[in-house]
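Asks:
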Amino acid sequence: MNQPPAVTTPPLWNLLQWIIQPLDFLERCTARYGDCFSLKLGNVATFNLFSDPQAIEQIFTASPTQFDSGRANGILRRMLGDNSLLLLDGQRHKRHRQLLMPPFHGERMRAYSELICQITEATTQAWQPNQTFVARPAMQEISLQVILQAVFGLTEGARYEELKRRLKVMLEFTSSRFTFATNFFPILQRDLGEWSPGGRFIRLIQSIDELLYAEIADRRQQFDPNRSDILTLLLSARDEAGEPMSDLELRDELMTLLVAGHETTATALSWALYWIHSLPDVKAKLVEELDSLGAEPDLNAIAKLPYLNAVCCETLRIYPVGFIAQIRIAQTPCEVGGYPFKRDSLLIPAIYLTHHRPDLYPEPNQFRPERFLERQYTPYEFLPFGGSNRRCIGAAFALFEMKLVLATVLRRCDLALAESCPVAPVRRGVTIAPNSGIRLKLISKRSEVAPSLETATA
Ligand code: HEM
2 MNQPPAVTTP PLWNLLQWII QPLDFLERCT ARYGDCFSLK LGNVATFNLF SDPQAIEQIF
62 TASPTQFDSG RANGILRRML GDNSLLLLDG QRHKRHRQLL MPPFHGERMR AYSELICQIT
122 EATTQAWQPN QTFVARPAMQ EISLQVILQA VFGLTEGARY EELKRRLKVM LEFTSSRFTF
182 ATNFFPILQR DLGEWSPGGR FIRLIQSIDE LLYAEIADRR QQFDPNRSDI LTLLLSARDE
242 AGEPMSDLEL RDELMTLLVA GHETTATALS WALYWIHSLP DVKAKLVEEL DSLGAEPDLN
302 AIAKLPYLNA VCCETLRIYP VGFIAQIRIA QTPCEVGGYP FKRDSLLIPA IYLTHHRPDL
362 YPEPNQFRPE RFLERQYTPY EFLPFGGSNR RCIGAAFALF EMKLVLATVL RRCDLALAES
422 CPVAPVRRGV TIAPNSGIRL KLISKRSEVA PSLETATA
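Note that our numbering gives residue 455 to position 454 of the sequence shown, counting from 1, and the numbers run on in steps of one.
1) Judging by CA-CA distance, which residue of Thr355, Gly338, Pro6, Thr316 is the nearest neighbour of glutamate 371?
2) Spatial neighbours of aspartate 36 within its chain, please: C-beta separation below 6 Å, excluding the five flanking residues on both sides.
3) Which partner residues of alanine 267 appear in the DSSP bridge assignment?
4) Assess, as a yes-or-no matter, whether the stretch 129-145 is touched by the stretch 270-286 under the definition of 3 or more beta carbon pairs within less than 8 Å.
5) Rank Pro321, Ile148, Glu163, Glu108 by C-alpha distance to the C-alpha of leucine 258 and give the top, closest one.
6) How is the beta strand (DSSP E) around isoleucine 330 delimited, first residue to last?
7) Once you ignore the five residues that flank isoleucine 21 on each side, which residues in its own chain have a CB closer than 6 Å to its CB?
8) Hey, would you say leucine 347 sits closer than 9 Å to isoleucine 328, going by beta carbons?
9) Alpha carbon to alpha carbon, how far is leucine 109 from aspartate 230?
10) Figure out for me which residue from Ala396, Ala425, Glu297 has the closest Cα to the Cα of histidine 106.
11) Measuring alpha carbon to alpha carbon, tell me which residue in Thr266, Gln4, Pro245 is nearest tyrosine 34.
12) Whole angstroms are fine: how far does the CA of methionine 246 sit from the CA of proline 321?
13) How is cysteine 37 classed by DSSP in three states: helix, strand or coil?
14) Based on Cα-Cα distance, which residue from Glu58, Pro435, Glu420, Leu411 lies nearest to lysine 446?
15) Grab me the residues of alanine 434's own chain with a C-beta within less than 6 Å of its C-beta, minus the 5 sequence neighbours each way, in chain order.
16) Counting along the chain, where does the beta strand (DSSP E) carrying cysteine 314 start and finish?
17) Output the boundary residues of the alpha helix (DSSP H) element that contains isoleucine 352.
18) Please classify serine 85 as buried or exposed, where buried requires at least 16 other C-beta atoms within 10 Å of its C-beta.
19) Name, in chain order, the residues that DSSP records as bridge partners for phenylalanine 134.
20) Check the C-beta distance from cysteine 118 over to leucine 300 and give it rounded, since I have them as a contact under 8 Å.
21) Threonine 432 lies in the beta strand (DSSP E); which residues open and close that run?
22) Nearest to alanine 242 by CA position, among Trp14, Val431, His97, is which residue?
23) Does the beta-carbon of proline 104 have 16 or more other beta-carbons within 10 angstroms, so that it is buried, or is it exposed?
24) Just reading off the beta strand (DSSP E) that alanine 417 is part of, what are its end residues?
25) Buried or exposed: which applies to glutamate 402, given that a residue is buried once 16 or more other Cβ atoms fall within 10 Å of its Cβ?
26) Let's test the definition: count the other Cβ atoms within 10 Å of the Cβ of alanine 459 and tell me whether it reaches 16, buried, or not, exposed.
27) Between isoleucine 444 and the ligand HEM, is there a pair consisting of the residue's CB and a ligand heavy atom that are separated by less than 8 Å?
28) Looking at cysteine 335: is its Cβ nearer than 9 Å to the Cβ of alanine 63?
29) Pop quiz: threonine 125 and threonine 409 are said to be a contact at Cβ under 8 Å. What is the actual Cβ separation, rounded to whole angstroms?
30) Is DSSP giving asparagine 44 helix, strand or coil here?
Laid out in structure tokens, this is it:
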């Protein structure tokens, strides 16, 4: 049987393109090689990328024992530790997913809705008429506060402020393209003193760990089952064998949730604000829909608004924050997309390429939320959160948070885009973010039009 076509450019050149301009590079590859191609990156690995929904369905519906992903995520180990969901496979991965999933769904998730609106309200209050501000740091501040409060129940105090400060430094560090590139050059990760990139990073992680372990210890000592944060739920969680999580497991999973849940949501929100404010029709429709809920909107009704949902989906389609899903390592020989793969082959659903197929999404570079009202996409055609047993555990939470933050901002503020240059997607760590932070200008506050969501639900 045939092998997938192989990208013929030199592997080192491929690696540089992958680091510097992954989206342009992937688009050029798919134009030349089609739905499935193999790509050699330096001497690091050969990836097989897929953008055909049928092939993606084969990957996502395979038995969980067919593919591993955790052992392909070794580059995250120095930050997340050995017990992170992202680094686990097999039974341990299943066990941790069972422990971590419940807080991110249903009633437990909805308990965070007021918190999300309050944090957003407080942020918008600092914006002044006729002044410009940068959306990305504002959205990062919101999503960091949401995740810290939802995960730890931490709202104030010296430890909360210090943890916030150190996490921001760490996330800024990991999102640079240089730091991402060091993943391919292990020498740069070594601890060569506190001024070397590796040494600086290790010290930073140690300083964050001190705070995480101190919080875990305090919370074990003064365990309060009535708290609704995720740490409390994890402290009381038991797996099928009745075993609780150890301190090390808790530390690694808390760090995983903080890292995976913060930058991703902030970036998606920045993109959404960009699209809404660069397309007057989109903004007008959205504001009309939000205002139709009246003065006392029910927060759950906001989450069900069809146009708001379509705007969020289209935001995650056009520049999916994660442009590829996690690597799937074949555990046994398999056939995907009509090609045979040996054991240990690396298969990757290419989210960005699938979202840009003109047969699924006509004029794929146009931001058109209506496409999500006109048609229902399968989980193999629209996959911003990946799929299968590796699907993002924060997907429902992230979408819920996006909707509530956007609703709060648009009901409270009339904003305009203040960017002078076109905005383009660039790599920030493992995410795809706007190259500018998205500069916005506050035209006026809309307090009289839309009473505060906080008051409305009180
Ligand atoms: C807009 C926001 C987000 C996007 C676009 C996003 C996207 C993704 C994607 C594409 C994956 C890989 C799925 C796969 O390989 O099939 C993933 C995995 C993951 N995400 Fe998210 N994510 C977001 C927010 C969050 C949040 C809020 C959390 C938690 C608080 C979170 C936690 C995780 C975890 C723990 C995994 C690993 C799952 C596993 O390996 O079992 N993410 N995410």
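Heads up, the beta-carbon is just placed ideally off N, CA and C, and yes, glycines get one too.
Replies: Taking the definition as stated:
1) Thr316
2) Ser52, Asp53
3) Paired residues: none, contrary to the question.
4) yes
5) Ile148
6) 329-331
7) none
8) yes
9) One point to set straight first is that residue 109 is arginine, not leucine, in the sequence displayed. Between arginine 109 and aspartate 230, the C-alpha separation is close to 9 Å.
10) Ala396
11) Gln4
12) 33 Å
13) strand
14) Leu411
15) Thr268
16) That residue, cysteine 314, is in no beta strand (DSSP E); its alpha helix (DSSP H) goes 307-319.
17) 352-356
18) buried
19) Leu441
20) 7 Å
21) 432-435
22) His97
23) buried
24) 414-418
25) buried
26) Residue confidence is low: alanine 459 scores 36 on pLDDT, short of 50, so the model does not pin down where it sits. Its coordinate-derived value is still stated next. Result: exposed.
27) no
28) yes
29) 7 Å
30) coil
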